[in-house]
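Just so we're aligned: 143 in the UniProt record's numbering is position 143 of the sequence shown, and the numbers increase by one with no gaps anywhere.
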Amino acid sequence: MRLSTSFAAVVLAIGVGVTSMPECQTICFGADVGDASGTSSVLPRPDFRFTGDVGRTYLDSDKPQFPQPVKAPKGAPNILLVLLDDAGFGQFSTFGGGIPSPTMDRLAADGLRYNRFHTTALCSPTRAALITGRNHHSNGFASITETATGYDGYTCVLPKACGTVAEVLKQNGYSTAWIGKNHNTPPWDTSQAGPFDRWANGLGFEYFYGFNAGDMNHWNPILYENRNLVPASTDPNYHLTEDLANRSIAWVRQMKSIAPDKPFFLYVAPGATHAPHHAPKDWIEKFKGKFDGGWDAYREETLARQKKLGVVPENTMLTERSHGLPAWDSLNADQKRLYARMMEVFCAYGAHVDHRMGRVIDAVKQLPDADNTIIIYIAGDNGSSAEGGIEGSLCENMFFNGFPTCTGRLQYCCKKAASLSGCSSWRAVSDCAGALAVIVVPFELTYRDANMRLARGQALVGRAVSATGADLELEADHLYHLPVSRWAVDEHPQRGDLQEIGATYTARAEKPQQQACSHYSNGTSPQPGTKSFRCPL
């Protein structure tokens, strides 16, 4: 079986046993509902009705009947989905970057690694596509929620016709939870007055713990547990990423202790590596001096690592330095010191979140049914961001309020470089110069307009185990075309040693196959000697 549809199709095929599905999923209403232990082809299921006869007395009536809890199909796996924020293609070590990512490395070694994985160029559109399985224009999220226009495709109000992954799974016997960032609720609906139908709890997620915004202060966040505000923490060492990891671990352990036979779908969306770049000081110090060589040298080093890993073809050449980005050697000593320090802060932030997500994955692997669990780790929702401008910024709100530059800002930042830490860095240069030159290697520029360009992302799928041992066929090119399988494979997990950046890989249990890419402007795969491997929409 082979599906090329969406993440919604992934969970329907894997989790609830649907064997085929159209490109555009629709939840239909009708009478064909199956039974309590089987998969319903129609959602929502109609209310329970007594099917016996009722006489004048109890003795004259048929045996009482009660509604039975819906049970997931036999063998339905647990699903853990992790989505990082604002991460570029060449950011993490698993894809050749300079940020250590041992959690991703472990998944890549024991699962699948995707080097040709497209997202949209903005946060909310990607996330809406992910949870609905639909193009971001089809589900109303062609922009982030704060810039909704009120025109078709741009309302940022999720249509009721767009059923979510969580809703489908919940109605087929899964426990569901969303922990972390929610940037898919209209801003005008995020107060305590509601309405709450487009909060996470109204989208099929039985439990929510996180924030309803594009980013959040990691030291003193505004959080909700389901619909209720969470009191501020009094822990002087509090950090949001750590909190989200702890909540995720507690939730899966609680679910399995109460209902060990019930599968779960856990969606974890930390705020990192989106601004503010709030990294613990001890993590920042681990990177001291590692970026003093500058972004020009670092671009070359990153590409060399990518070639060695097989993430890009051997003949890949660096794009030219992005327009407006100066050569590293042309900078003065203060600028070099500032930008290197900002990169240290940003990389510490990225390494820290990978480590914390590793704790969540380790906890899942310790569960009694860990061998029947699928782990999907998406390293970035929209590529790198550039709100800091060429000079960088210590306050992202300048950009959001229409002040991308100001006289004397660079001088002020340089003075603060020595004391720069996660506490003061709301937006580091890695959003601009560092991201342009380092994080997106071997590409150029950053991504912001969802209707103009796709962003090149990366994703990993950890070993997924099932007792059936059926064939596993995977196709991953766009985020809403995530890998799909009817069952997972234990005996022959595929490795992530992909050879060409311009190829779609279809993996079978015995032999991976390569297919031609059709996502370049001329409809062909890159030819030897091609200078740039950009992917225009």
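Yeah, the Cβ is synthetic: ideal placement off N, Cα and C, and Gly gets one too.
What residue from G380, G388, I144 has the CA that sits closest to R116's CA? If we check each option's Cα against that of R116, G380 comes out closest.
Please state whether DSSP places E225 in a helix, a strand or coil. In the structure shown, E225 sits in a strand (DSSP, three-state: E or B).
I believe T164 touches G204 by the beta-carbon criterion, under 8 angstroms. Please report the beta-carbon distance rounded to the nearest angstrom. Confirmed, Cβ separation roughly 5 angstroms.
3-residue-minimum beta strand (DSSP E) runs that sit fully inside the segment 87-167, ordered along the chain: Taken in chain order, the whole beta strand (DSSP E) runs of length 3 or more contained in the segment 87-167 are 112-119.
Given that a residue counts as buried once 16 or more other Cβ atoms are within 10 Å of its Cβ, and exposed if not, what is G358? Flag for G358 reads buried.
My guess is that Y174 and F95 are in contact by the Cβ rule of under 8 angstroms, so how many angstroms apart are they, rounded? Taking the Cβ atoms as the reference, Y174 lies roughly 31 angstroms from F95, outside the contact range of under 8 angstroms.
Could you check how far apart the C-beta atoms of P280 and H239 are, in whole angstroms? I think they sit under 8 angstroms. About 6 angstroms separates the Cβ atoms of P280 and H239, confirming a contact at the 8 angstroms cut-off.
Contact check, V461 vs I375, beta carbons under 8 angstroms: With contacts defined as CB atoms closer than 8 angstroms, V461 and I375 qualify as a contacting pair.
Are the Cβ atoms of P159 and N139 separated by less than 8 angstroms? Yes. Within cutoff.
Specify, as a first and last residue, the run of the alpha helix (DSSP H) that S175 falls within. S175 -> not in any alpha helix (DSSP H); beta strand (DSSP E) instead, spanning 175-181.
At which residues does the alpha helix (DSSP H) containing A351 begin and terminate? Unbroken alpha helix (DSSP H) run through A351: 333-365.
Compute the distance between the beta-carbons of L267 and L81, then report whether it is under 8 angstroms. Here residue 267 is Tyr; the residue named in the question, Leu, does not match the sequence. Between Y267 and L81, the C-beta gap is smaller than 8 angstroms, which places the two residues in contact.
Which whole-angstrom value describes the C-beta separation of V252 and L367, a residue pair presumed to lie in contact below a C-beta threshold of 8 angstroms? About 7 angstroms separates the beta carbons of V252 and L367, which is inside the 8 angstroms limit, making them a contact pair.
At the level of alpha carbons, what is the spacing between G180 and T149? Cα to Cα, G180 sits roughly 26 angstroms from T149.
Enumerate in chain order the residues of its own chain whose CB-to-CB distance from P260 is below 7 angstroms, with the five nearest sequence positions on each side excluded. If you ignore the 5 residues before and after P260, its C-beta comes within less than 7 angstroms of the C-beta of P368, all in its own chain and listed in chain order.
If H274 sits next to D86, beta carbons under 8 angstroms apart, how far is it from one beta carbon to the other, in whole angstroms? Their Cβ separation, rounded to whole angstroms, is 4 angstroms, which keeps H274 and D86 in contact under 8 angstroms.
State the beta-bridge partners of G210 as determined by DSSP. In DSSP, G210 forms a bridge with G180, Y224.
Per-residue burial, I222 [other beta carbons within 10 Å of its own, 16 or more giving buried]: So I222 counts as exposed.
Going by C-alpha to C-alpha distance, which of Q458, A327, K262 sits closest to K74? Taking only the C-alpha atoms, the option nearest K74 is K262.
In its own chain, which residues sit with a C-beta less than 6 angstroms from the C-beta of W199, not counting the 5 before and 5 after it? Here the set comprises T185.
Is it true that the segment 124-140 meets the segment 327-336, where meeting means three or more beta-carbon pairs spaced less than 8 angstroms apart? No, they do not touch.
Quick check: what's the CA-CA separation for L84 versus F196? Near 25 angstroms, if we compare the C-alpha coordinates of F196 and L84.
How long is the line joining the alpha carbons of E320 and V441, rounded to whole angstroms? So the alpha carbons of these two residues sit roughly 11 angstroms apart.
Cutoff 7 angstroms; reference A340; Cβ partners in own chain excluding five residues on either side: For A340, where only same-chain residues beyond five positions count, the Cβ hits under 7 angstroms are F291, D292.
From the DSSP output, which residues share a beta bridge with T190? For T190, no pairing in a beta bridge is given by DSSP.
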